[in-house]
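Heads up: the sequence shown begins at 75 in our numbering, then just goes up one per residue. For each residue, glycine too, the CB sits at the ideal point set by N, CA and C. On a predicted model such as this, the values are computed, not experimentally measured, just so you know.
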Amino acid sequence: MTQLHISSSFDSGAIEVLSVTDPGDIRLNIRADNASEFAQWFHFCLHGAARLPVTMRFLNAGQCAYPKGWVDYRVVASYDRQHWFRISTDFDGQIMVATLTPETDCVYFAYFEPYSHERHLDLIGSAAASEHVQVRRLGATLDGRDMTLLRITDEQAVALVPQRRKVWLIARQHPGETMAQWFIEGLLERLLDVDDPVAKVLLAKCVFYVVPNMNPDGAVRGNLRTNVAGANLNREWQAPSMDRSPEVFLVRQAMQEVGVDLNLDVHGDEGLPYNFVAGTEGNPGYSARIEALENAFKASWLATCPDFQVQHGYQRDAPGSANPTLATHWVGQNFDCLAYTIEMPFKDNADLPDALCGWSGERSRKLGASVLLPILAVADVLR
Ligand code: GEM
Ligand code: ZN
């Protein structure tokens, strides 16, 4: 008989165990990021509860960073760490309660489908096998991990345009938003598919610069929103530093060397059960040209992907009110280019719900593959 136990000493593991003696009354706290107050991400393994009715109480859910994120949210679970499903979950405004009768003596639970550092390294390795990909190490994070940029284009293709447009995608500034890296995995799979006509044309028209994980240290440490120094990277773009936010400093430096004609910054949203974008309408430099590009991008994505919508999203910024420390705002303003934040849900897409899995890694992958079409729709008119 395996003893009842909870472990979390693994990639992105995070939980505070208060009591795990009675499977029907397991008491937990969601712990904060290693150097900040943000608490929302959890990932742990429960041993020894096979065929027993398990009740887990997250006692501090009401004090987490985004308490509304627990309304209509369901905890994800997995036996094999490959296939994840949602379990029965309730939130009364203070305590979140999740219940399951596990099939086996080892079951994992997480806020969203995890994306490990090993999978990140494998993603880079498989992309590197393509003749169209150049892997660039930009430098080191504070924990000494590589900041990796993928440069992707078909140098041999007949130039369909006089000058190839520079299309940037950055993902997972907020490490707990693992759907962002699933999105990039799906985008890369299609972009490097030699039989995909959209990919063929895009690789002749554009040079893609992709950062699959902007925050590898925070990801491994099981942080929701910050890097190892406690920096929210999406508030560092106006004045990054190598000793607090080297991740942003290095990517911003590469952008300034190369240039940017389109930037997509991929995130997840705790509260809204939808996929949506947030643009640069609050930038001082926002113009009719940029607005037209935003409308063309949205119209194309709406026409080709039922998982995308424009009815729900963040409140638009008033003219001139944009916070210049955010990636989308800083890049859009400084390169006078189309720049979007892409948001996916931690919960589900309320327009197209999935009872078993909710929003998932696979649906994020498919959304990533779908974004090639709006990129194609604007590729010829980015400048
Ligand atoms: C968000 S981006 C917030 C953008 N807000 C408006 N009004 N444009 C952040 O960094 O807070 C991205 C995210 O965390 O998902
Ligand atoms: Zn985010």
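Item, Value
"Quick one: give me the first and last residue of the alpha helix (DSSP H) that Val302 is part of.", "First-last for Val302: undefined, no H or E at that position."
"Does at least one heavy atom of the ligand COA sit under 6 Å from the Cβ of Ala352?", "Looking for the ligand COA in the displayed structure turns up nothing; the ligands present are the ligand GEM and the ligand ZN."
"Confirm the yes/no value for this check: CB of Asn289, any heavy atom of the ligand GEM, distance under 6 Å.", "no"
"Does at least one heavy atom of the ligand ZN sit under 6 Å from the Cβ of His248?", "yes"
"Which same chain residues, not among the five before or five after Thr178, have their C-beta less than 7 Å away from its C-beta?", "Ala124, Tyr153"
"Looking at the structure shown, is Pro427 part of a helix, part of a strand, or coil, going by DSSP?", "coil"
"So does His194 have its beta carbon nearer than 6 Å to some heavy atom of the ligand GEM?", "no"
"With contact counted as at least three CB pairs below 8 Å, one residue from each stretch, are the segment 219 to 234 and the segment 143 to 158 in contact?", "no"
"For Val209, does the count of other Cβ atoms within 10 angstroms reach 16, so buried, or fall short, so exposed?", "exposed"
"Locate the beta strand (DSSP E) running through Leu174, then write down its first and last residues.", "170 to 174"
"Compute the minimum distance between the beta carbon of His79 and the heavy atoms of the ligand GEM, and state whether it is under 6 Å.", "no"
"Take the Cβ of Arg239 as the centre, count every other Cβ of all protein chains shown within 10 Å, and call the residue buried at 16 or more, exposed below.", "buried"
"Taking DSSP's pairing of strands, which residues face Leu224 in a bridge?", "Val209, Val284"
"What did DSSP end up calling Ala352 once you bin it into helix, strand or coil?", "strand"
"Can you give me the C-alpha to C-alpha distance between Lys142 and Gly296, rounded to a whole angstrom?", "21 Å"
"Confirm the yes/no value for this check: CB of His341, any heavy atom of the ligand ZN, distance under 6 Å.", "yes"
"Leaving out five residues before and five after Lys421 in sequence, what residues of the same chain have Cβ atoms less than 7 Å from its Cβ?", "Asp146, Tyr147, Pro347, Gly432, Trp433"
"Determine the closest residue to Leu78 out of Leu307, Phe282, Met130, Asn134, with distance taken between C-alpha atoms.", "Met130"
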